[in-house]
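**Student:** My questions will all concern the structure given below.
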Amino acid sequence: METTSSISFLALMLLTLNLLTLTSATDQDALLAFKNAITLDPSHVLSNKWSTNTSICSWTGVSCSQLNRVTALNLSGYALHGTLPPHLGNLTFLQSLDLSSNNFTGNIPSQLFNVSALRWINLEDNQMSGELPSDMCSNVPKLEWINLSMNRFSGKFPTSIYQCSELLELWFSNNQFNGNIPTAIGNLSMLRTLSVSYNKLEGDIPSSIFNISSLEYLYLGNNRLTGNIPIFKYSTTRLQVLYLRFNNLTGGIPEEIGHLTSLKQLLLNNNSLTGRVIKY
């Protein structure tokens, strides 16, 4: 009986070891596919320091868990040129991706938004383009921070944005997004920053935005927004910056703005608004 138990335990250990080896190899294959998609590496950070002779967990920019699974990839500011391969979606334990301040082009592979562990995405200051998948938030429920600013993304806001229910920071400024800001964005009850300035957004400002009691920074300027500024809820007491300038807004300035006790910066110029702000 003891012999049978020992054999079963040994078999289980071997199976676990083989599984860990297989999954680690999957991570390595994904990173090598990323490396192969790089067309220019002026700092030689990948060509010299991403070698199959060493563990991927020792590669520059790679962080791993205790099980040697990739949890973070940070290659910000290396002036890398290339595209993002779909193989990034095979990094199933990835929590943080920071490729900001490079020269990546092309779109974001939809497979990346199937990595359910993702919490942090920073692709700011690249040359990326294309539309975001409409269901981008369907499979990343833990996403807390996404920055796509200073790229060339276009199209409409993803309709599934409300499913990123733990989102704290959303930075989409300096792109070419068009269409309306979805009303469902008001369901992001933990949101602190919404930055979508310098796009081609149009239509009314959803009043649901001002139901987000956690909101501190709201950047909607330099778009094509129309209509009135929605009536503020007194629950929006944390708002520190309200940036609405260079739109086509009309009507009176809501007197509720004067009750925003935390407000430090208010930019409403270059609209067709009437009235003035009275601080209470």
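Residue numbers -25 to -1, 1 to 255, in mature numbering (1 follows the signal peptide of the UniProt record, and there is no 0), belong to the letters of the sequence shown in order.
Glycine is no exception: its CB is placed at the ideal position from the N, C-alpha and C atoms.
For L(-4), does the three-state DSSP call read helix, strand or coil?
**Tutor:** For this step, residue -4 is matched to residue 22 along the sequence shown. Confidence at L(-4) is low in this model, with a pLDDT of 43, below 50, so its placement is unreliable and no value can be given for it.
**Student:** Within 10 Å of its beta-carbon, does I232 have 16 or more other beta-carbons around it, so buried, or fewer, so exposed?
**Tutor:** Within the sequence shown, numbered from 1, the residue matching residue 232 stands at position 257. Flag for I232 reads buried.
**Student:** S135: which of T158, S18, L166, M125 sits nearest, CA to CA?
**Tutor:** Taking the sequence shown and counting its residues from 1, one reaches residue 135 at position 160. Checking every option, the nearest Cα to that of S135 belongs to T158.
**Student:** Can you give me the Cβ contacts of W25 inside the same chain, cut-off strictly under 6 Å, excluding the 5 residues immediately before and after it?
**Tutor:** Taking the first residue of the sequence shown as position 1, residue 25 is located at position 50. Excluding sequence neighbours, W25 sits near K10, W34.
**Student:** Just how far apart, CA to CA, sit Y194 and A(-1)?
**Tutor:** Start at 1 with the first residue of the sequence shown, and residue 194 comes out as number 219. Start at 1 with the first residue of the sequence shown, and residue -1 comes out as number 25. Their backbone Cα atoms lie some 43 Å apart in a straight line.
**Student:** According to DSSP, what are the bridge partners of I180?
**Tutor:** By one-based count along the sequence shown, residue 180 stands at place 205. I180 pairs with nothing; no bridge assigned.
**Student:** From what residue to what residue does the beta strand (DSSP E) around L248 run?
**Tutor:** The residue you call residue 248 lines up with position 273 of the sequence shown. 247 to 249 is the extent of the beta strand (DSSP E) around L248.
**Student:** At a cut of 8 Å, does the stretch 42 to 52 reach the stretch 79 to 90 through at least three beta carbon pairs?
**Tutor:** Touching, no.
**Student:** Using three-state DSSP, classify D4 as helix, strand or coil.
**Tutor:** Counting from 1 along the sequence shown, the entry for residue 4 is found at position 29. In the structure shown, D4 sits in a helix (DSSP, three-state: H, G or I).
**Student:** What does the Cβ neighbour count give for L15, buried or exposed, with the cut at 16 atoms within 10 Å?
**Tutor:** Counting from 1 along the sequence shown, the entry for residue 15 is found at position 40. Burial call: exposed.
**Student:** Curious, which full-length beta strand (DSSP E) runs of at least 3 residues does the stretch 50 to 127 contain?
**Tutor:** The stretch 50 to 127 contains these whole beta strand (DSSP E) runs: 71 to 73, 95 to 97, 104 to 106, 120 to 122.
**Student:** So the alpha helix (DSSP H) L21 belongs to, where does it begin and stop?
**Tutor:** Position 46 of the sequence shown, counted from the start, is the residue given in the question as residue 21. L21 -> alpha helix (DSSP H) spans 20 to 24.
**Student:** Within 10 Å of its beta-carbon, does L42 have 16 or more other beta-carbons around it, so buried, or fewer, so exposed?
**Tutor:** Locating residue 42 in the sequence shown gives position 67, counting from the first residue. L42 comes out exposed.
**Student:** How many Å lie between G202 and I96 at the Cα?
**Tutor:** Position 227 of the sequence shown, counting from 1, holds the residue named residue 202. Position 121 of the sequence shown, counting from 1, holds the residue named residue 96. One C-alpha to the other measures close to 33 Å.
**Student:** How is A47 classed by DSSP in three states: helix, strand or coil?
**Tutor:** To locate residue 47, count along the sequence shown from 1; it is residue 72. Of the three classes helix, strand and coil, the one that applies to A47 here is strand, per DSSP.
**Student:** With DSSP run on the structure shown, which of helix, strand or coil describes Y192?
**Tutor:** Indexing the sequence shown from 1 puts residue 192 at position 217. Strand at Y192.
**Student:** Which residues mark the beginning and the end of the beta strand (DSSP E) in which residue 256 is found?
**Tutor:** Any question about residue 256 goes unanswered here, given that the chain covers just -25 to 255.
**Student:** Per DSSP, what kind of secondary structure is Q138 in: helix, strand or coil?
**Tutor:** Within the sequence shown, residue 138 is the residue found at index 163, counting from 1. Three-state DSSP puts Q138 in a helix.
**Student:** Look at the Cβ atom of residue 258, then the Cβ atom of N155, and state whether they are nearer than 9 Å.
**Tutor:** Residue 258 is absent from the structure shown; the chain starts at -25 and stops at 255.
**Student:** Under a three-way DSSP split, which group does G130 fall into?
**Tutor:** Along the sequence shown, read from residue 1 onward, the residue named residue 130 stands at position 155. G130: strand per DSSP, three-state reduction.
**Student:** If the criterion is Cβ atoms closer than 9 Å, does the pair N89 and G64 meet it?
**Tutor:** Here residue 89 refers to the residue found at position 114 when the sequence shown is read from its first residue. Here residue 64 refers to the residue found at position 89 when the sequence shown is read from its first residue. Yes, Cβ-Cβ distance for N89 and G64 is below 9 Å.
**Student:** With a CB to CB cut of under 8 Å and the five nearest residues on each side skipped, what residues in its chain are close to S140?
**Tutor:** Taking the first residue of the sequence shown as 1, we reach residue 140 at position 165. So the list reads P116, N162, L163, S164, M165, once near-sequence residues are dropped.
**Student:** Between which two residues does the beta strand (DSSP E) holding I13 run?
**Tutor:** Translated into positions along the sequence shown, residue 13 becomes position 38. Segment 13 to 15, the beta strand (DSSP E) holding I13.
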